[in-house]
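Colleague: In my numbering, the protein residues as written are 255 to 341.
Glycine is no exception: its CB is placed at the ideal position from the N, C-alpha and C atoms.
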Amino acid sequence: MKKQLMVNNKIQLTLPTINHAIELFSLIDQYRSELREFLPWVDQTLDINNTQDYIKYCLSQYNNHSALIYLLYYSTQRIVSDIDFIT
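(1) Is the beta carbon of LEU326 closer than 9 angstroms to that of VAL334?
(2) Spatial neighbours of ILE336 within its chain, please: CB distance less than 7 angstroms, with the 5 preceding and 5 following residues excluded, ordered by chain position.
(3) Can you give the Cα-Cα distance for ASN317 and GLU288, rounded to whole angstroms?
(4) Does DSSP put PHE292 in a helix, a strand or coil?
(5) Let me confirm a value: PHE344 is counted as buried when at least 16 other C-beta atoms fall within 10 Å, else exposed. Which label applies?
(6) Got a sec, what are the start and stop residues for the alpha helix (DSSP H) ILE309 sits in?
(7) Report whether the distance from the Cβ of ASN263 to the nearest heavy atom of the ligand SAH is below 8 angstroms.
(8) Where LEU259 and LEU269 are concerned, what is the direct C-alpha to C-alpha distance, given to the nearest angstrom?
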């Protein structure tokens with residue numbers, strides 16, 4: 255699978271790397287109260303190390319062909335979500 259997919263001129267999917275950890279953790283931390291209602295793992299994401307571990311997990315899933323986990327960028331060039339495709 256490709257590491258980056260352009261869905262259209264506004265939506266891009268990107269395989270996460272450790273370089274995304276700061277941006278992803280900041281997003282989780284900024285919207286923690288809103289995310290908590292829907293995502294039970296939010297309260298266990300306490301620091302950047304937790305986010306780095308998640309990204310390492312995503313990459314291991316990608317490498318053993320058991321899942322594809324992409325970061326979703328929408329027009330602003332900021333991460334807005336992630337999308338998991340489990341095989």
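Modeller: Concretely, from the data shown:
(1) Along the sequence shown, one-based indexing puts residue 334 at 80. Along the sequence shown, one-based indexing puts residue 326 at 72. Yes.
(2) The sequence position of residue 336 within the sequence shown is 82, counting from 1. Note on residue identity: the sequence assigns Asp, not Ile, to residue 336. Excluding positions up to five away in sequence, the list reads ILE323, TYR324, LEU325 and LEU326.
(3) Within the sequence shown, numbered from 1, the residue matching residue 317 stands at position 63. Within the sequence shown, numbered from 1, the residue matching residue 288 stands at position 34. Taking the straight line joining both Cα atoms gives about 32 angstroms.
(4) Along the sequence shown, read from residue 1 onward, the residue named residue 292 stands at position 38. The answer is coil: DSSP assigns PHE292 none of H, G, I, E or B.
(5) What the structure shows of the chain is the stretch from 255 to 341, and residue 344 is not part of that stretch, so it cannot be assessed.
(6) For the purposes of this step, residue 309 is identified with residue 55 of the sequence shown, where counting begins at 1. That run of the alpha helix (DSSP H) goes 302-317.
(7) Inclusion of the ligand SAH in the displayed structure is not the case, the ligand content being empty and no account of it being possible.
(8) Within the sequence shown, residue 259 is the residue found at index 5, counting from 1. Within the sequence shown, residue 269 is the residue found at index 15, counting from 1. Roughly 9 angstroms separates the two Cα atoms.
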